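Colleague:
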Amino acid sequence: MIKVSDTASKRIIDMMNEDGFDAAQDYVRVGVKSGGCSGLSYELKFDKELTENDKVFEDNNVKIAVEKKSFLYLAGTILEFSGGLNGKGFVFNNPNASRTCGCGESFSL
1 MIKVSDTASK RIIDMMNEDG FDAAQDYVRV GVKSGGCSGL SYELKFDKEL
51 TENDKVFEDN NVKIAVEKKS FLYLAGTILE FSGGLNGKGF VFNNPNASRT
101 CGCGESFSL
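When we follow UniProt numbering, the leftmost residue of the sequence shown carries the number 1, and every step to the right adds one.
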């Protein structure tokens with residue numbers, strides 16, 4: 001399962017509305033792809049449709065779609081939003097990552 005913090009939930013819902021998506025029925029697609037300074041990087045986008053390879057979760061009023069391949073890397077992750085002095089953005093607190101880069105956008109197992 002993937003969790004969404006209160007702060008991330010509010011920001012996601014606002015961003016979905018701004019981009020013409022409806023948080024009550026559309027999805028935040030979370031994934032992993034090869035690349036980044038640590039070997040794997042996170043993907044985050046909005047989507048209106050599911051595929052047969054998706055696992056779906058709902059947490060904190062946000063529907064999350066994850067392709068089954070990516071889920072192996074993301075199980076137990078908490079999606080947070082940071083608006084501090086180090087910059088604004090989504091942060092993946094991934095218990096499966098053995099190493100992360102300084103920007104927090106890539107990781108390795």
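From the three backbone atoms N, C-alpha and C, an ideal C-beta is built for every residue, glycine too.
Treat the numbers as computed from the prediction; the structure is a model and nothing was measured.
(1) Given this structure, state the Cα-to-Cα distance separating L72 from N61, to the nearest angstrom.
(2) Please look up how many angstroms separate the CB atoms of G90 and A23, rounded, as I've assumed it's under 8 Å.
(3) Per DSSP, which residues does R29 bridge with? Please list them.
(4) What are the partner residues of I78, as DSSP defines its beta bridges?
(5) Can you tell me the Cα-Cα spacing of V56 and G76, whole angstroms?
(6) Below 8 Å on the Cβ atoms is my contact criterion, and I expect G31 with S70 to pass it. Report the Cβ-Cβ distance as a whole number of Å.
(7) Please tell me whether, using a cut-off of 6 Å, the distance from the CB of M1 to the nearest non-hydrogen atom of the ligand ADP is below it.
(8) Compute the Euclidean distance between the alpha carbons of Q25 and A65, then round it to the nearest angstrom.
(9) Once the 5 residues before and after G20 are set aside, which same chain residues still bring their CB inside 7 Å of it?
(10) Measure the Cβ-Cβ separation of I78 and K10 and say whether it is below 7 Å.
Modeller: Let me lay it out:
(1) 23 Å
(2) Here residue 90 turns out to be Phe, not Gly, going by the sequence shown. The pair is not a contact, with the Cβ atoms about 15 Å apart (cut-off 8 Å).
(3) K45, A65
(4) K3, N93
(5) 14 Å
(6) 4 Å
(7) Absence of the ligand ADP is noted for the structure shown, with no ligands found whatsoever.
(8) 12 Å
(9) none
(10) no
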